Every structure is written in structure tokens, then in C-alpha cells.
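Q: Here's a structure for you.
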Amino acid sequence: MRAHLTDCEMTDLISDTVEGTTLAHLRACATCRTEYARLHTAFVDFAMDSRVQAERTEAFFQRQRVRIGCRVSDRRPFVWRWRSVWASALATGALVAVFLTRGGTPPRSPADPESDQALLSAVQHAIQREAPVALSPAALLIADMERGVPQLDRKTAVPKGDQR
Amino acid sequence: MDAKPVARATKYAPTDVVRGIPLETFDQLVVTHQRRIHRILLTLLRDGDAADTLTQEVFLRAFQKRTDFRGEARVGTWLVRIALNLAKDHRRNRRLAFWRRLVRHDQSRDGTDVAPWVRDPAPSAERTIVAREQLAAIQVAVDRLSHRQRTCFVLRFVEAMTIEEIAETLQLEIGTVKAHLSRAVSTLRRRLAEREGP
């Protein structure tokens, strides 16, 4: 007589996918029959209990369907809400990009040519001056001296008519 | 002894094979499959609240992915696959939570006590205290199987799926599914024998 059933053969037996040789052994071997009965009972009990435990009332499944429906419908506006957020962010980003791109060359106002012209005139005037602005009083004094005007303390100088 | 298969209750409807899931049929999809999905999750997790929440999550994900469904598998197989992935993630998170509690020296229940989940049997002759203890023992033993072995075992013996259906659902070879089942039965045999003694 062959050895007892292997785990694989016992699995096939319980799964009802058994071969003829296994059945023949089972008929002849009391030990394997006992083992098979023990396992089969345990697995049937487990399967039946799992099914009994999972039994719920129709109201339970109805509530579950309602919750699924709520979550599904909640998900749609959620998606749309995020779509609008993304759209806003993209629009803002595009504006910022445009602003930054044009930031390298500052916008010219219509008065710019005039101000440029004024600046150019001021520069030309400064260059053509004989003395720098800071030395203008000295230049005037020198000019007076060259014309023979007596040197006076300008701060204390009094017109001739007023001298008594 | 009755040598019939353990259970053959659930079968797929031939109309399950579709390409994409039309929105208008989604409600019917939930009605058709929610009990089975809930049962699989409850058997794998032994947590009623988690099974309820994850069942909702399965259909929510199915809704989000409904246009991606290519009809290569049955709708039922596809939903079971989603449920198994969620159950796997949930168990992993629960295990992490267990270790976190352990680190915090929390002495509260760690979730391994199956007694509350074991059905309180009707006071009949066929349901004795011994049978209840044996049931609790096999539940503990199944719970300690690896994820693959437990999944194969539950799909085969509770859901009565064929080896081919399990292979399709788990995207495994048929030989691999058989090997997982064989190892699961071997482990359960050994643990039941240890409990019963010599």
C-alpha cells in the first residue's frame, strides 16, 4: 500500500479536483479518511462561518450603496473644483511669465524722448560751462577783478550811496 | 462524509464581460457585486467596519477607473482584485499600527483576539463548544498564513472560485496558485494537529 496522502493530494481532495488513484487510496486507508474528514469539517465550518458572518440585512447594503453614491457624487465636484484651481493657477502663471519676460526692457512712457532730450541738453550745457557749478562764485569774482571792480567783501558790501 | 466541494455559491454572470463600464450601469454593478466584495473583505480582515469602508472604497476606485477597464478580465475578477489590493494595504497598515502601539507600551487589544468575531452558535447539537474552539483555531491559523496563501485559501474554499479564476484574479500561474493552496493546507493541517495534540 502507498504512503498517506500528501498535502497536495489532500488539497485536491477537499477542492473536489481529485484523481482516481487518490480516491482509491482514500477508500483503503482509514488514517487518510480520518484526516480528510477532519480537514473537510474544519474548512466547511470556516467557509460557512465566513458566509454567516458576512450576512447583512438589505438595509445595511442599501445604506452602503447610498454612501457609495454620495462619495461618487462628491468626487465629481471635487474634481471640477480642482480643475478650476489648476486653471486659475495656470492663468496666473502665464501672466507672471509675461510680466517677467517683458520686465527686462522697462516700458517706455510717451515722455521718454523729451526727458532724454532734456538730459542731453543738460549734459551739453554742463560741458560747455567754463567752470563747474561748484566754482561759479569764483568765476564771477575773477571776472570782476579782470574788469577792475574793487574787491569787496560781498557779505559786508554796502552800496556807495548808502555809505556815510 | 460528504465529499462535495465546500461551496459553489457564487458564479459570474456572462454579461460581466464588458469593455469599459457605462456610467448608467454602475449602480447595477454595485448591487450585483457588493455582497461578495464585502464578504471577501470581511473574511480576510475580520473587521466589520473595515470591510464596510473598504467595500465602499472598492466601488469608488472602480468608478474612478471605469473608463480604464479594458474588459480583459470579468468585472467581478477586476473588482475582487481591487478588493484584495485594498485588503493587503489595510493589513499592512494595521500591522504597522500594532507595532506603533507596542512601542508605546499600549496594553490594549492588538486585534488578534478572534473570540468576538466567532459566531455565537445556536444552541443546537451540531454546534458545540468544541466545534467553536476548532473554528476559532482555524481562523487564527488562516489569519497567520501569508497574504498569498490566505488569499488563495479564502478564494478557493469560501468563494468557491476555480483555480483558473483565482489565477486570473491574482494574475498568477495556475501552478503557482496550486502551490500556494497546497502550502496553506499543509500549514493548517499542522497547526490543527498541534492544537489537538497527539
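One line per chain: the protein sequences are V and D, in this order.
Each residue of the first sequence is one higher than the last, beginning at 32 in the numbering used here.
Each residue of the second sequence is one higher than the last, beginning at 1414 in the numbering used here.
Cβ coordinates follow ideal geometry from the N, Cα and C atoms, glycine included.
Just so you know, these numbers come straight off a predicted model, no measurement behind them.
Beta-carbon separation of residue 1598 of chain D and residue 79 of chain V under 9 Å?
A: By 1-based counting over the second sequence, the position of residue 1598 of chain D is 185. By 1-based counting over the first sequence, the position of residue 79 of chain V is 48. Result no, Cβ atoms of residue 1598 of chain D and residue 79 of chain V do not sit closer than 9 Å.
Q: Which residues in the same chain as residue 53 of chain V place their Cβ atom closer than 8 Å to its Cβ, once the five residues preceding and following it in sequence are excluded?
A: The count along the first sequence starts at 1 and reaches residue 53 of chain V at position 22. Contacts found: 36, 40, 43 and 44.
Q: List the residues of chain D whose Cβ lies closer than 8 Å to the Cβ of residue 102 of chain V, in chain order.
A: Mapped onto the first sequence, residue 102 of chain V falls at position 71. Correct list: 1469 and 1473.
Q: Assign residue 1521 of chain D to one of three DSSP states: helix, strand, or coil.
A: By 1-based counting over the second sequence, the position of residue 1521 of chain D is 108. Note on residue 1521 of chain D: pLDDT 42, under 50, position unreliable in the model; no value is reported.
Q: Using a Cβ-Cβ distance under 9 Å, would residue 1591 of chain D count as near chain V?
A: Within the second sequence, residue 1591 of chain D is the residue found at index 178, counting from 1. With 9 Å as the cut-off, residue 1591 of chain D counts as an interface residue toward chain V.
Q: Please classify residue 126 of chain V: is it buried, with 16 or more other beta-carbons within 10 angstroms of its beta-carbon, or exposed?
A: To locate residue 126 of chain V, count along the first sequence from 1; it is residue 95. Classification of residue 126 of chain V: exposed, given that the 10 Å Cβ count is below 16.
Q: Out of V:117, V:71 and V:104, point me to the one whose CA is closest to residue 38 of chain V's CA.
A: Walking along the first sequence from the start, residue 38 of chain V turns up at place 7. The candidate whose alpha carbon is nearest that of residue 38 of chain V is V:71.
Q: Nearest CA to the CA of residue 1443 of chain D: which residue from V:83, V:97, V:154 and V:65?
A: Here residue 1443 of chain D corresponds to residue number 30 of the second sequence, with the count starting at 1. Closest option to residue 1443 of chain D, Cα to Cα, is V:97.
Q: If you draw a straight line from the C-alpha of residue 1491 of chain D to the C-alpha of residue 1481 of chain D, how long is it?
A: Numbered from 1 along the second sequence, position 78 holds the residue referred to as residue 1491 of chain D. Numbered from 1 along the second sequence, position 68 holds the residue referred to as residue 1481 of chain D. Near 11 Å, if we compare the C-alpha coordinates of residue 1481 of chain D and residue 1491 of chain D.
Q: Can you tell which of D:1588, D:1582 and D:1544 has its C-alpha closest to the C-alpha of residue 74 of chain V?
A: Taking the first sequence and counting its residues from 1, one reaches residue 74 of chain V at position 43. Of the listed residues, the one whose Cα sits closest to residue 74 of chain V is D:1544.
Q: Could you tell me which uninterrupted alpha helix (DSSP H) segments, each at least 4 residues in length, are contained entirely in the stretch 1428-1490 of chain D, listed from first to last along the chain?
A: Fully enclosed alpha helix (DSSP H) runs of 4 or longer: 1439-1458 and 1461-1477.
Q: I want to see whether chain V comes within less than 9 Å of residue 1446 of chain D, judged by CB atoms only; does it?
A: Taking the second sequence and counting its residues from 1, the one referred to as residue 1446 of chain D is at position 33. Answer no: the Cβ-Cβ gap between residue 1446 of chain D and chain V never drops below 9 Å.
Q: Are any of the Cβ atoms in chain V nearer than 9 Å to that of residue 1542 of chain D?
A: For the purposes of this step, residue 1542 of chain D is taken as residue 129 along the second sequence, with counting starting at 1. It does not; no Cβ of chain V falls within 9 Å.
Q: Buried or exposed: residue 1552 of chain D, going by 16 or more other Cβ atoms within 10 Å of its Cβ?
A: For this step, residue 1552 of chain D is matched to residue 139 along the second sequence. Buried, because 16 or more other Cβ atoms sit within 10 Å of the Cβ of residue 1552 of chain D.
Q: Counting pairs of Cβ atoms below 8 Å between the stretch 1578-1591 of chain D and the stretch 76-95 of chain V, do you hit three or more?
A: Contact fails: fewer than three Cβ-Cβ distances are below 8 Å.
Q: Quick one: which chain V residues come within Cβ less than 7 Å of residue 1465 of chain D?
A: Position 52 of the second sequence holds residue 1465 of chain D. 95, listed in chain order.
Q: Please classify residue 1489 of chain D as buried or exposed, where buried requires at least 16 other C-beta atoms within 10 Å of its C-beta.
A: Stepping through the second sequence from its first residue, residue 1489 of chain D is reached at position 76. Result: buried.
Q: Excluding the 5 residues flanking residue 1533 of chain D on each side, which residues of the same chain have their C-beta closer than 7 Å to its C-beta?
A: Residue 1533 of chain D sits at position 120 when you count from the first residue of the second sequence. The predicted model places residue 1533 of chain D with a pLDDT of 48, which falls under 50 and marks its position as unreliable, so this point remains unresolved.
Q: Residue 1476 of chain D to residue 103 of chain V, Cα distance in whole Å?
A: As a first step, residue 1476 of chain D must be located in the second sequence, where it is residue number 63. As a first step, residue 103 of chain V must be located in the first sequence, where it is residue number 72. Going by the C-alpha atoms only, they are around 7 Å apart.
Q: Residue 1464 of chain D: which of D:1448, D:1478 and D:1479 sits nearest, CA to CA?
A: As a working note, residue 1464 of chain D is residue 51 in the second sequence. When only C-alpha atoms are compared, the closest one is D:1448.
Q: Taking the Cβ atom as the reference point for each residue, do residue 1453 of chain D and residue 1571 of chain D lie within a distance shorter than 9 Å?
A: The residue you call residue 1453 of chain D lines up with position 40 of the second sequence. The residue you call residue 1571 of chain D lines up with position 158 of the second sequence. In contact: residue 1453 of chain D and residue 1571 of chain D (Cβ atoms closer than 9 Å).
Q: For residue 1559 of chain D and chain V, any beta-carbon pair shorter than 9 Å?
A: If you number the second sequence from 1, residue 1559 of chain D lands on position 146. Not closer than 9 Å to any Cβ of chain V, the Cβ of residue 1559 of chain D fails to qualify, so no.
Q: Roughly how many angstroms lie between the CA atoms of residue 76 of chain V and residue 1546 of chain D, to the nearest whole one?
A: The sequence position of residue 76 of chain V within the first sequence is 45, counting from 1. The sequence position of residue 1546 of chain D within the second sequence is 133, counting from 1. Taking the straight line from one Cα to the other gives about 11 Å.
Q: Rounded to whole angstroms, what's the CA-CA distance from residue 154 of chain V to residue 147 of chain V? Just pull it up for me.
A: Working through the first sequence from its first residue, we reach residue 154 of chain V at position 123. Working through the first sequence from its first residue, we reach residue 147 of chain V at position 116. Cα-Cα distance, rounded: 11 Å.
Q: Residues in the same chain with beta-carbon distance under 6 Å from residue 1550 of chain D, minus the five sequence neighbours each way, listed in chain order, please.
A: Here residue 1550 of chain D refers to the residue found at position 137 when the second sequence is read from its first residue. The answer, listed in chain order, is 1608.
Q: So if I threshold CB-CB distances at 7 Å, which residues from the stretch 1563-1579 of chain D count as touching chain V?
A: Cβ contacts with chain V: 1569, 1570 and 1571.
Q: Count the other CB atoms, across all protein chains shown, that sit within 10 Å of the CB of residue 1565 of chain D; report buried if there are 16 or more and exposed otherwise.
A: As a working mapping, residue 1565 of chain D is identified with position 152 in the second sequence. With 16 or more Cβ atoms within 10 Å of its Cβ, residue 1565 of chain D is classed as buried.
Q: Residue 67 of chain V to residue 1602 of chain D, Cα distance in whole Å?
A: By one-based count along the first sequence, residue 67 of chain V stands at place 36. By one-based count along the second sequence, residue 1602 of chain D stands at place 189. So the two alpha carbons sit approximately 10 Å from each other.
Q: Just verifying my parser: in three-state terms, what is the DSSP assignment at residue 1577 of chain D?
A: Against the second sequence, residue 1577 of chain D aligns to sequence position 164. Helix, per DSSP.
Q: Please decide whether residue 1525 of chain D counts as near chain V, where near means a Cβ-Cβ distance under 9 Å.
A: By one-based count along the second sequence, residue 1525 of chain D stands at place 112. Caution applies to residue 1525 of chain D, whose pLDDT of 41 falls short of 50 and renders its modelled position unreliable; the model cannot decide the point.
Q: Any idea if residue 101 of chain V is buried or exposed, counting beta-carbon neighbours within 10 angstroms, 16 or more meaning buried?
A: The count along the first sequence starts at 1 and reaches residue 101 of chain V at position 70. Classification for residue 101 of chain V: exposed.
Q: On the premise that residue 1468 of chain D lies in contact with residue 95 of chain V, defined as a C-beta separation below 8 Å, what is that separation, rounded to the nearest angstrom?
A: Translated into the one-based positions of the first sequence, residue 95 of chain V becomes position 64. Translated into the one-based positions of the second sequence, residue 1468 of chain D becomes position 55. About 6 Å separates the two Cβ atoms, so the contact holds.
Q: Distance check for residue 1561 of chain D and residue 1593 of chain D, CA to CA, integer angstroms please.
A: As a working mapping, residue 1593 of chain D is identified with position 180 in the second sequence. As a working mapping, residue 1561 of chain D is identified with position 148 in the second sequence. Approximately 7 Å, taken between the alpha carbons.
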